[in-house]
Amino acid sequence: MRLKHKTALITGGSSGIGKASALLFSKEGANVVIADISEYGQTVAAEIAKKGGNAVFIKTDVSRASDCKKMVEFAESTYGKLDILFNNAGIMHSDDGDAIETDEAIWETTMNINVKGVFLGCKFGIPALRRAGGGSVINTASFVALMGAATPQVAYTSSKGAVLALTRELAVIHAREGIRVNALCPGPLRTELLMKFLNTDEKKERRLVHIPMGRFGEADEMAKAALFLASEDSSYMTGTEFLVDGGITAAYVTPLS
Ligand SMILES: NC(=O)c1ccc[n+]([C@@H]2O[C@H](COP(=O)([O-])OP(=O)(O)OC[C@H]3O[C@@H](n4cnc5c(N)ncnc54)[C@H](O)[C@@H]3O)[C@@H](O)[C@H]2O)c1
């Protein structure tokens, strides 16, 4: 029960990493607030309640300041405080490509959700963590924040670089308030987000060829890493780029299978 008596707010908690984290955080004793644009978060909250945990859902568009303010107020009014803020919601648009072919609108949508969404989560969430006497912020970035992706996705890659830079600055600014801020940098995962983008066997193979482990990661594996960052187990960590990537950033060449 590593999160006993803690309240965790998870954006993008209706699917993938966010959903797996909501289930795991609850199993570890946390009260969970799922904030997502998809109503499926209601079903995830019900699944947690069925298992004896505490979870609520609030429909949220993280790119809107008024929604982010409300999700934090909802967490505090429901459970009394906020200890863990997991800014995880993100998109990878299917029309995101190289700089020449990517429309300005795709760039703006991606930045609004992936970067402004994290900023707004922190804008309203960090004062709540202060009120609770400290806490942990986890921002989901990506391995593409550290290296170029093999398939072009300029808006997405740029957005994740920004999340990493934002994480480092917030970590430094809030370190002496007992607020830790870390980035979770997943490698390529077998979740809805990436599988929709790598929608042919050829594209999947193109990506897998770079991963030493030779497979996509699972949402559950990211949830375990997020739990580590959320809990006191990572008490001396702040400002990190926590890579959980099947070795992709370590590889110059991958082993022959
Ligand atoms: N899947 C990967 O390979 C991979 C790799 C690295 C990083 N990531 C990042 O991990 C995070 C979670 O992705 P996932 O793989 O679990 O994808 P996912 O598509 O399964 O889940 C993303 C969730 O975010 C929600 N969402 C989208 N736009 C939103 C908005 N405006 N407001 C609120 N919620 C919104 C979706 O409804 C969905 O529930 C994202 O930030 C993503 O960029 C994913």
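All residue numbers for the sequence shown refer to this note's numbering, where the first residue is 41 and numbers rise by one. In this text, a Cβ means the ideal position worked out from N, Cα and C, and glycines have one as well.
List the endpoints of the continuous beta strand (DSSP E) containing T180. Position 140 of the sequence shown, counted from the first residue, corresponds to residue 180. Per DSSP, T180 belongs to the beta strand (DSSP E) from G175 to T180.
Are I50 and S61 touching if we call contact CB-CB under 9 Å? Looking up residue 50 in the sequence shown gives position 10. Looking up residue 61 in the sequence shown gives position 21. Yes, the pair counts as a contact, with Cβ atoms nearer than the cut-off.
Which word fits S106, buried or exposed, when buried means at least 16 other C-beta atoms lie within 10 angstroms of its C-beta? Taking the sequence shown and counting its residues from 1, the one referred to as residue 106 is at position 66. Its Cβ having fewer than 16 others within 10 Å, S106 is exposed.
Which stretch, first to last residue, makes up the beta strand (DSSP E) that contains E281? Counting from 1 along the sequence shown, the entry for residue 281 is found at position 241. Taken as a continuous stretch (DSSP letters only), the beta strand (DSSP E) holding E281 covers E281 to V284.
Residues bridged to D76 (per DSSP): The sequence position of residue 76 within the sequence shown is 36, counting from 1. The partner list for D76 (beta bridge, DSSP) reads K99.
Whose C-beta lies closer than 8 Å to the C-beta of G257 among residues of the same chain, with five residues either side of it excluded? Indexing the sequence shown from 1 puts residue 257 at position 217. Around G257: P226, G227, P228, L229, R230, V284, D285 and G286.
Check whether the Cβ of Y292 lies closer than 8 Å to any heavy atom of ligand 1, and answer yes or no. By one-based count along the sequence shown, residue 292 stands at place 252. It does not: the Cβ of Y292 is nowhere closer than 8 Å to a heavy atom of ligand 1.
Ligand 1 and H55: does any heavy atom of the ligand fall closer than 8 Å to the residue's C-beta? As a working mapping, residue 55 is identified with position 15 in the sequence shown. According to the sequence as given, residue 55 is Ser; it is not His. Within the cutoff, so yes.
Excluding the 5 residues flanking K163 on each side, which residues of the same chain have their C-beta closer than 8 Å to its C-beta? For the purposes of this step, residue 163 is identified with residue 123 of the sequence shown, where counting begins at 1. A105 and C108, listed in sequence order.
Around the C-beta of M262, are 16 or more other C-beta atoms found within 10 angstroms, so that it is buried, or is it exposed? Reading the sequence shown from its first residue, position 222 is the one you call residue 262. Burial call: buried.
Which same chain residues, not among the five before or five after A189, have their C-beta less than 7 Å away from its C-beta? Position 149 of the sequence shown, counting from 1, holds the residue named residue 189. Once the five neighbours on either side are set aside, the close Cβ partners of A189 are T197.
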